[in-house]
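For reference, the structure is listed below as structure tokens.
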Amino acid sequence: MADHRWSAAAEHGAPMRADSISKYEREDDGATLDLARRYIRVVGVRCGFIEFEFTIADPMLTIELVMPPSAFDEFCRAQGANISAADDVEQAFARLRERSAGQSKTASTTTSKN
1 MADHRWSAAA EHGAPMRADS ISKYEREDDG ATLDLARRYI RVVGVRCGFI EFEFTIADPM
61 LTIELVMPPS AFDEFCRAQG ANISAADDVE QAFARLRERS AGQSKTASTT TSKN
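With the UniProt record's numbering applied, the sequence shown corresponds to residues 1 to 114, in that order.
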């Protein structure tokens, strides 16, 4: 795997914040990294949790995460990511989200009645 170095303030120890810097340029080939491009790919549903890959701008910047549906929904909203699901988990993912949405409606109805 190639060693990619990104030229930015972070190279000198300053924190990299997506909200303050939207693009970086790789020193090795000059390619631009657009931090606003974010992707989520659901790869599994297990024991009521959603397993997914989160990518920022470049497939080399991917992390695998596992979250319950409510946290996953919140994470997706916060990231503004494009969401896709692997073919073999698409139906299970849809069922879990429907079930989670139903539970959220029931909880909010119960709370508003009190």
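Ideal placement from N, C-alpha and C gives every residue a C-beta, glycine not left out. Please read all numbers here as calculations on a predicted model, not as lab measurements.
Residue nearest to residue i in terms of C-alpha spacing, selected from the options
i	options	result
Glu98	Pro69, Gly80, Thr32	Pro69
Ala92	Asp58, Ala101, Pro59, Ile50	Ile50
Asp87	Val42, Leu35, Asp34	Val42
Residue i, buried or exposed, once every other Cβ within 10 Å from all chains shown has been counted against 16
i	result
Ala85	buried
Arg38	buried
Ile63	exposed
Met60	exposed
Continuous beta strand (DSSP E) stretch holding residue i: start and end
i	result
Asp34	32-34
Arg77	Per DSSP, Arg77 belongs to no beta strand (DSSP E); it is in the alpha helix (DSSP H), 69-79.
Arg41	38-46
Nearest-angstrom Cβ-Cβ length linking residue i and residue j, presumed shorter than 8 Å
i	j	result
Val89	Gly44	6 Å
Ala81	Ile40	5 Å
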